[in-house]
Amino acid sequence: MPWFLPLFVFGLFAWIFYEAVEKYAEKKNSPFWVKAIFFIRWLPPVQLLLMLIVRLNALIQRDMTHIEIAQYMGPGEFSLSDLRLMLTGNGGVECIALVIVVFTLFSGHLPSIANARSNLRQSFRNRMMMFTGLALLLFSTTLFPESAYYSPSTFPLNPIGAVPSLHTLVPLLLFGGLTMFGGEIFAVSTLFFAGDNFQTLAHRARNKVLVLASTTIVWISMTAEIDDDWLGKIPEIGLLLPLILMLHLGVCLATIIQPAVRIESELNHGEGRSWGMLVLAAIMALLVLVLTPLHLNEIGIFGTGFGSYVYGFWIAAVAVSVMLLVQFLPALGFDAAPRPEIWWMKMTLMSSPIVLCLFTPFALFLIPAIWLALPWSSLTPWFIERDVTSPSYSFVLYPVLFITIMCALLPLSLDEPFLASLWFGWIPGAMASIGLTLHITQSDNDSEQILEEE
Numbered sequence: 177m178p179w180f181l182p183l184f185v186f187g188l189f190a191w192i193f194y195e196a197v198e199k200y201a202e203k204k205n206s207p208f209w210v211k212a213i214f215f216i217r218w219l220p221p222v223q224l225l226l227m228l229i230v231r232l233n234a235l236i237q238r239d240m241t242h243i244e245i246a247q248y249m250g251p252g253e254f255s256l257s258d259l260r261l262m263l264t265g266n267g268g269v270e271c272i273a274l275v276i277v278v279f280t281l282f283s284g285h286l287p288s289i290a291n292a293r294s295n296l297r298q299s300f301r302n303r304m305m306m307f308t309g310l311a312l313l314l315f316s317t318t319l320f321p322e323s324a325y326y327s328p329s330t331f332p333l334n335p336i337g338a339v340p341s342l343h344t345l346v347p348l349l350l351f352g353g354l355t356m357f358g359g360e361i362f363a364v365s366t367l368f369f370a371g372d373n374f375q376t377l378a379h380r381a382r383n384k385v386l387v388l389a390s391t392t393i394v395w396i397s398m399t400a401e402i403d404d405d406w407l408g409k410i411p412e413i414g415l416l417l418p419l420i421l422m423l424h425l426g427v428c429l430a431t432i433i434q435p436a437v438r439i440e441s442e443l444n445h446g447e448g449r450s451w452g453m454l455v456l457a458a459i460m461a462l463l464v465l466v467l468t469p470l471h472l473n474e475i476g477i478f479g480t481g482f483g484s485y486v487y488g489f490w491i492a493a494v495a496v497s498v499m500l501l502v503q504f505l506p507a508l509g510f511d512a513a514p515r516p517e518i519w520w521m522k523m524t525l526m527s528s529p530i531v532l533c534l535f536t537p538f539a540l541f542l543i544p545a546i547w548l549a550l551p552w553s554s555l556t557p558w559f560i561e562r563d564v565t566s567p568s569y570s571f572v573l574y575p576v577l578f579i580t581i582m583c584a585l586l587p588l589s590l591d592e593p594f595l596a597s598l599w600f601g602w603i604p605g606a607m608a609s610i611g612l613t614l615h616i617t618q619s620d621n622d623s624e625q626i627l628e629e630e
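Add 176 to the 1-based position in the sequence shown for my numbering, that's all there is to it.
In structure tokens form, the structure reads like this:
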């Protein structure tokens, strides 16, 4: 069915804009639009279920015209042990994707928000659909490679390899968990001031993402073939590229983006706001433009000449340029955030490696610089704007500045700078969020104490 995969891509694309389509359908309030909305919502999970049914039927019948059966099983009788191929082969990706989309559709019924208003739960589900649809769409060429869904002109007469072992499920499970719980954090982050129930959900989701992120970094460190130029072969190593990109999204959302919801809401009108934005843009651009070429040079993928510097500066310049261009979005009405300009800068810079990896997999190496640049999006307004009480320099600014410098320089002196950046790069973001949260809590306590004394 040559239309099947294009229709699946259409379904994921429709999920990204589902909220707008749903609002339009509610205005029309006709039977056609009710059915259309239902179709759009359930198209991806139904298609994934059909993929799995076709795959299972081929496995039970030992259909030698199915590429995976010919590669791993060969002719013979079906046994229950053969079902392992459903999980460890291409069917494993389809299973995880099905779990992700079903979890997304029922996310409005999560226990933490079950008592929230129905319109908030519906908005939460729609934002989850946007995140999930975008993630699966951007990673579709890796998760659903064309070679897994066509019939070659010739099939092997005998199996050419053993059925993959169950340990291949580890990256799939990590990817699925990071996608689901990262989507929760994204959805909560876009629903500012939605209520205490959503903050409870955000707290639980952050903890789950941080545990999964730590496990992912340990797994990558243990399985990477460090002596075999594994970084240069990342595009060829199955799910490693989407897993690292989803790790990047999860860490940014958990340590910087979601905590910034309350942090930025405590800012005032913004006396000196324009100057603060200029300083912030300069800091973030400088970190990305300088650290990315240095990091690529240390990794050595592009040799010992100026190739790494040219390539690194090019991808960094693209990311920074887009980050600056989105400053026009608040003026066009995309301003549903306490600090919409900062919000769009952070979201664009965070998303740039994922989007650029559609064109070059080595955009992956923007991640170390972005992890060190994003924390300053939360810090800078508090020290530049004049109508807020700045946090303690010795308790917040100097420690974050010191750890940022250390996390920038330390990986460059180690044998595996990229792995070292994954191990240490999240620390500045966590420190900045914790320091500012404590400062806000202390300020609130001081204000309450003053009111009580009066």
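Even for Gly, the Cβ is constructed at its ideal location relative to N, Cα and C.
Only a predicted model underlies this, so the values are computations on that prediction, with no experimental measurement involved.
{"query": "What residue from Gly359, Ala324, Trp519 has the CA that sits closest to Gly414's CA?", "result": "Ala324"}
{"query": "Leaving out the 5 sequence neighbours to the left and right, which residues in its chain are closer than 6 Å to Glu442 when beta-carbon positions are compared?", "result": "Ile616"}
{"query": "Between Leu310 and Ile530, what straight-line distance do the alpha-carbon atoms span, to the nearest angstrom?", "result": "10 Å"}
{"query": "Once you ignore the five residues that flank Thr431 on each side, which residues in its own chain have a CB closer than 7 Å to its CB?", "result": "Trp602, Gly605, Ala606, Ser609"}
{"query": "Trp209 by DSSP, collapsed to three states: which one?", "result": "helix"}
{"query": "In this structure, how does DSSP classify Phe180 when only helix, strand and coil are distinguished?", "result": "helix"}
{"query": "Taking just the CA atoms, how far does Phe254 sit from Val364?", "result": "46 Å"}
{"query": "Taking the CB atoms as reference points, tell me whether Leu550 and Leu525 lie closer together than 8 Å.", "result": "yes"}
{"query": "For Arg382, count neighbouring Cβ atoms within 10 angstroms of its own Cβ and tell me buried if that reaches 16, exposed if not.", "result": "buried"}
{"query": "Could you have a look at Leu349 and say whether DSSP puts it in helix, strand or coil?", "result": "helix"}
{"query": "Have a look at Leu650 and Glu270 and give me their C-alpha separation to the nearest angstrom.", "result": "No answer is possible for residue 650: it lies beyond the span of the chain, which begins at 177 and ends at 630."}
{"query": "Of all the alpha helix (DSSP H) runs that stay within the bounds of the segment 189-240, which reach a length of 4 or more residues?", "result": "194-204, 207-236"}
{"query": "Run the CB neighbour count on Tyr248, radius 10 Å, all protein chains shown included, and call it buried at 16 or more, exposed below.", "result": "buried"}
{"query": "Quick one: residues in its chain with C-beta nearer than 6 Å to the C-beta of Ser283, no 5 flanking neighbours on either side, listed in chain order?", "result": "Arg301, Met304"}
{"query": "Can Leu495 and Leu532 be called in contact, C-beta distance under 8 Å?", "result": "Here the sequence assigns Ala to residue 495, which means Leu is not the residue at that position. Against a cut-off of 8 Å, the Cβ pair of Leu532 and Ala495 comes out as a contact."}
{"query": "Starting from Asp258, trace the alpha helix (DSSP H) in both directions and tell me its first and last residue.", "result": "Asp258 -> no alpha helix (DSSP H), and no H or E assigned at all."}
{"query": "Write down the C-beta distance between Asn373 and Ser316 rounded to the nearest angstrom, noting that I regard them as a contact closer than 8 Å.", "result": "Going by Cβ atoms, the distance from Asn373 to Ser316 rounds to 33 Å, so no, they are not a contact pair."}
{"query": "In whole angstroms, what separates the C-alpha of Arg297 from that of Pro418?", "result": "29 Å"}
{"query": "In terms of residues, what are the limits of the alpha helix (DSSP H) holding Tyr485?", "result": "483-501"}
{"query": "Can you grab the Cα-Cα spacing for the pair Val564 / Trp191, in whole Å?", "result": "40 Å"}
{"query": "Identify whether Thr142 lies in helix, strand or coil by the three-state DSSP scheme.", "result": "With the chain represented from 177 up to 630, any question about residue 142 goes unanswered, as that position is not in the structure."}
{"query": "In its own chain, which residues sit with a C-beta less than 7 Å from the C-beta of Glu474, not counting the 5 before and 5 after it?", "result": "Leu588, Pro593"}
{"query": "With respect to the alpha helix (DSSP H) encompassing Ser554, which residues constitute its N-terminal and C-terminal limits?", "result": "551-560"}
{"query": "Alpha carbon to alpha carbon, what distance is there between Thr318 and Trp395?", "result": "20 Å"}
{"query": "Give every residue of the same chain whose Cβ lies closer than 7 Å to the Cβ of Gly352, excluding the five residues on either side of it in the sequence, and list them in chain order.", "result": "Ile272, Val275, Ile276"}
{"query": "How big is the Cα-Cα spacing for Cys428 and Pro251?", "result": "48 Å"}
{"query": "Comparing alpha-carbon positions, which option in His445, Met521, Ile420 lies nearest Ala457?", "result": "Met521"}
{"query": "So which of Pro182, Trp519, Gly481 has the shortest CA-CA distance to Pro506?", "result": "Trp519"}
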